[in-house]
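Number of protein chains: 2
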Amino acid sequence: MNRLPVYLQILTDLELTETSQVSSDQLAALANVNAAKVRKDLSYLGTYGTRGVGYEVAFLIYQIKRELGLLTEWKTIVVGAGNLGSAITVNGGFASRGFPVVAIFDVDPRKVGTIVGELTVRNLDEMCEFVRANGVQIGVLAVPSTAAQSVADDLMAAGIGSLLNFAPVVLTTTKGVTVRNVDLGVELQILGYHEQLRGQASSQPNRVSV
Amino acid sequence: MNRLPVYLQILTDLELTETSQVSSDQLAALANVNAAKVRKDLSYLGTYGTRGVGYEVAFLIYQIKRELGLLTEWKTIVVGAGNLGSAITVNGGFASRGFPVVAIFDVDPRKVGTIVGELTVRNLDEMCEFVRANGVQIGVLAVPSTAAQSVADDLMAAGIGSLLNFAPVVLTTTKGVTVRNVDLGVELQILGYHEQLRGQASSQPNRVSV
DNA sequence: TAGATTGTTAATCGATTAACAATC
DNA sequence: TAGATTGTTAATCGATTAACAATC
């Protein structure tokens, strides 16, 4: 369920402000969704609410984490030690969210051996062996578009489970590997679309929004 | 329409391979969707196909760009000159996709004045004035979570149109500002969820997938 | 008990897709 | 004309939400 991470973030914030109980109405307001939807989403986890009272924040956090598989750590590697790969490795704070970055790789000999965060950049040649030997589950592709498919092929051959791909290409995948594409250019394009709509709204009010 | 950027990318690839005509069947296969959906999506742009033949690639690219507002350039600034902000400014290649990054800002005096790509990092103090003076439409927030709301408030006060936010916080927004959140941690969490499902599928085959 | 809120049903809404006449 | 493919209708499917009995 795609909305559970949103609830999780809100609940985590609430816990920091010492809130121990929350109603579906409150949660819905914070998440900008319908209260019935919140109850339906949460009832999917089990019947953990108390009628007339609401939900216990800490318990709900635990149950969502359980459902999302965040009680386990998933070993993650980053491929590409450029700015993006470094950003993810260093300040992503992913380790605290259950995704320890256990290695970072690059093909550029000038980058191999340098330090990124707490890791030393390894040579791409060692990647497959490392994945196999350490049972790495998740690979983050922060490489140029031209290299993405090749790196993905290597990782899949080495038995990786899931890929997070930042290169703006449609990867060909084998087996049951899950791929998630994040194209930052597309994110901007969507904003551009909204900017255009804004312009049309003020000048040509004869068009229904989509 | 959220699928148009996907079609656009595929069509652009096709154009590079000298393909001038494409059918809804072919496009659907490349985009991993139903052919009827492709035709319905494209018919929204207008009736640009030819029965018995298909669609002209170049013309379709133009029409999608027009619809998405990609024939105009949208002035973009990046706030935060860390690894993430640098990655976006330098190798995002967003300028070629219609989003020229016209300035980058940081609060850290050690970063102000340094060069990122073709830009000199400016002081955050100058940001509002710059946005107003140059009519910047889009702001990219590559700052720590703690700073995100404050920077967003400043940008909105200065009249920015849309924000792309990488900080894992729910921003409070005023007026008709469009905000798009990209939480890389959430992206990983979704992969973690799939990893967990994979594990359950092999051990406990008594659970229907979601 | 009275008030509040859940869990769930049933209605509604919108998105997807099969099917096919139109037509190149 | 025969084959291919669009554009669109109508059916299907799934997601959202209003409503309310259950119950704390």
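So the protein sequences, as listed, match chains A and B.
Residues in the first sequence are numbered consecutively from 1, following our numbering.
Residues in the second sequence are numbered consecutively from 211, following our numbering.
Where a beta carbon is used, it is the ideal one built from N, C-alpha and C, also for glycine.
Going by DSSP, what residue range makes up the beta strand (DSSP E) through B/Asp318?
Position 108 of the second sequence holds residue 318 of chain B. Per DSSP, B/Asp318 belongs to no beta strand (DSSP E) and is neither H nor E.
Counting only beta-carbon atoms, is A/Gly83 nearer than 8 Å to chain B?
Within the first sequence, residue 83 of chain A is the residue found at index 83, counting from 1. Inspection of the sequence shows that residue 83 of chain A is occupied by Asn rather than by Gly. Closer than 8 Å to some Cβ of chain B, the Cβ of A/Asn83 qualifies, so yes.
Report yes if the CB atom of B/Asp424 is closer than 8 Å to the CB atom of B/Pro378, and no otherwise.
Because chain B is modelled from 211 through 420, residue 424 of chain B falls outside the range shown and cannot be assessed.
Alpha carbon to alpha carbon, what distance is there between B/Leu280 and B/Gly308?
The residue labelled residue 308 of chain B in the question sits at position 98 within the second sequence. The residue labelled residue 280 of chain B in the question sits at position 70 within the second sequence. Distance between the alpha carbons of B/Gly308 and B/Leu280: 6 Å.
So, does the CB of B/Glu225 fall closer than 8 Å to a CB anywhere in chain A?
Indexing the second sequence from 1 puts residue 225 of chain B at position 15. By this cut-off, B/Glu225 is not an interface position.
In chain A, what lies closer than 7 Å to B/Pro310 by C-beta?
Stepping through the second sequence from its first residue, residue 310 of chain B is reached at position 100. The premise fails here: B/Pro310 is roughly 11 Å from chain A at the closest Cβ pair, so nothing lies under 7 Å.
For A/Ile138, go through chain B and note every residue whose CB falls closer than 8 Å to its CB, in chain order.
Translated into the one-based positions of the first sequence, residue 138 of chain A becomes position 138. Per Cβ cutoff of 8 Å: Leu398, Leu401, Gly402 and Glu405.
Residues of chain A with CB under 9 Å from B/Val392, in chain order?
For the purposes of this step, residue 392 of chain B is taken as the residue at position 182 of the second sequence. Val182, Leu184 and Glu187, listed in chain order.
With a threshold of 8 Å between beta-carbons, can A/Asn123 be considered close to chain B, or not?
Residue numbering aside, residue 123 of chain A sits at position 123 when the first sequence is read from its first letter. Output row for A/Asn123: interface = no.
Might you give, ordered along the chain, the residues of its own chain that have their beta carbon closer than 6 Å to the beta carbon of B/Thr286, omitting 5 neighbours on each side?
Taking the second sequence and counting its residues from 1, one reaches residue 286 of chain B at position 76. Result list for B/Thr286: Phe309, Val311 and Ile348, in chain order.
Tell me the residue span of the alpha helix (DSSP H) that contains A/Ile64.
Along the first sequence, one-based indexing puts residue 64 of chain A at 64. Val57 to Leu68 is the extent of the alpha helix (DSSP H) around A/Ile64.
DSSP three-state label for A/Ser20, please.
In the first sequence, residue 20 of chain A corresponds to position 20, counting from 1. Secondary structure at A/Ser20: coil, using DSSP grouped into helix, strand and coil.
Using CA atoms only, rank isn't needed, just tell me which of B/Val326, B/Gly295, B/Leu218 and B/Gly369 is closest to B/Gln273.
Counting from one through the second sequence, the residue named residue 273 of chain B turns up at place 63. Of B/Val326, B/Gly295, B/Leu218 and B/Gly369, the residue nearest in Cα terms is B/Leu218.
Cβ closer than 8 Å: which chain B residues qualify as neighbours of A/Ile88?
One-based indexing of the first sequence puts residue 88 of chain A at position 88. Ordered by position in chain B, the residues that pass the 8 Å Cβ test against A/Ile88 are Leu394.
Name the DSSP beta bridge partners of A/Asn123, please?
Counting from one through the first sequence, the residue named residue 123 of chain A turns up at place 123. Bridge partners of A/Asn123: A/Asp106.
Have a look at A/Asp125, A/Gly117 and A/Ala103 and flag the residue whose alpha-carbon is nearest the alpha-carbon of A/Pro109.
Taking the first residue of the first sequence as 1, we reach residue 109 of chain A at position 109. Ranking A/Asp125, A/Gly117 and A/Ala103 by CA distance to the CA of A/Pro109 puts A/Asp125 first.
Rounded to the nearest angstrom, what separates A/Thr146 and B/Gly369 at their Cα positions?
Here residue 146 of chain A is taken as the residue at index 146 of the first sequence, counted from 1. Here residue 369 of chain B is taken as the residue at index 159 of the second sequence, counted from 1. Cα to Cα, the separation comes out at about 38 Å.
Please tell me whether B/Gln219 has its Cβ less than 8 Å away from any Cβ of chain A.
In the second sequence, the residue the question calls residue 219 of chain B occupies position 9. By this cut-off, B/Gln219 is an interface position.
Exposed or buried, what is A/Gly52 when buried is set at 16 or more other beta-carbons lying within 10 Å of its beta-carbon?
One-based indexing of the first sequence puts residue 52 of chain A at position 52. A/Gly52 is exposed by the Cβ-count criterion.
Around the Cβ of A/Gly49, are there at least 16 other Cβ atoms within 10 angstroms (buried) or fewer (exposed)?
Reading the first sequence from its first residue, position 49 is the one you call residue 49 of chain A. The Cβ neighbour count for A/Gly49, taken over all protein chains shown within 10 Å, is at least 16; the residue is labelled buried.
State the Cα-Cα distance for the pair A/Ser43 and A/Thr178, rounded to the nearest angstrom.
Position 43 of the first sequence holds residue 43 of chain A. Position 178 of the first sequence holds residue 178 of chain A. Taking the straight line joining both Cα atoms gives about 27 Å.
DSSP three-state label for B/Ile370, please.
Counting from 1 along the second sequence, the entry for residue 370 of chain B is found at position 160. The answer is coil: DSSP assigns B/Ile370 none of H, G, I, E or B.
I think B/Ala352 touches B/Gly290, with their Cβ atoms under 8 Å apart; what is that distance to the nearest whole Å?
As a position in the second sequence, residue 352 of chain B is number 142, starting the count at 1. As a position in the second sequence, residue 290 of chain B is number 80, starting the count at 1. The C-beta distance from B/Ala352 to B/Gly290 rounds to 4 Å, short enough to meet the 8 Å contact threshold.
Can you give me the start and stop residues for the beta strand (DSSP E) that A/Val140 sits inside?
One-based indexing of the first sequence puts residue 140 of chain A at position 140. Note, A/Val140: beta strand (DSSP E), Ile138 to Leu141.
In chain order, what residues of the same chain lie with their CB nearer than 7 Å to the CB of A/Leu14, ignoring the 5 residues before and after it?
Looking up residue 14 of chain A in the first sequence gives position 14. Around A/Leu14: Val22 and Val57.
Could you spell out the range, first to last residue, of the alpha helix (DSSP H) harbouring A/Thr89?
Sequence index remark: in the first sequence, residue 89 of chain A carries index 89 (1-based). Where A/Thr89 is concerned, the enclosing alpha helix (DSSP H) stretches over Asn83 to Val90.
Between which two residues does the beta strand (DSSP E) containing B/Arg390 stretch?
By one-based count along the second sequence, residue 390 of chain B stands at place 180. Thr388 to Asn391 is the extent of the beta strand (DSSP E) around B/Arg390.
Taking the alpha-carbon positions, what's the A/Phe105 to A/Val78 distance?
The residue you call residue 105 of chain A lines up with position 105 of the first sequence. The residue you call residue 78 of chain A lines up with position 78 of the first sequence. Approximately 6 Å, taken between the alpha carbons.
So the beta strand (DSSP E) B/Val288 belongs to, where does it begin and stop?
Walking along the second sequence from the start, residue 288 of chain B turns up at place 78. Taken as a continuous stretch (DSSP letters only), the beta strand (DSSP E) holding B/Val288 covers Thr286 to Val289.
Where does the unbroken alpha helix (DSSP H) through A/Arg3 begin, and where does it stop?
Start at 1 with the first residue of the first sequence, and residue 3 of chain A comes out as number 3. Neither: A/Arg3 is in no alpha helix (DSSP H) and is coded neither H nor E.
Please report the straight-line C-alpha distance between B/Gly395 and B/Leu270, rounded to a whole angstrom.
One-based indexing of the second sequence puts residue 395 of chain B at position 185. One-based indexing of the second sequence puts residue 270 of chain B at position 60. Here the alpha carbons of B/Leu270 and B/Gly395 stand approximately 35 Å from one another.
Going by DSSP, what residue range makes up the alpha helix (DSSP H) through A/Arg39?
Numbered from 1 along the first sequence, position 39 holds the residue referred to as residue 39 of chain A. Ala35 to Ser43 is the span of the alpha helix (DSSP H), which, as asked, contains A/Arg39.
Tell me whether A/Val169 sits in a helix, a strand or coil according to DSSP, three-state version.
By one-based count along the first sequence, residue 169 of chain A stands at place 169. DSSP places A/Val169 in coil when its eight states are reduced to three.
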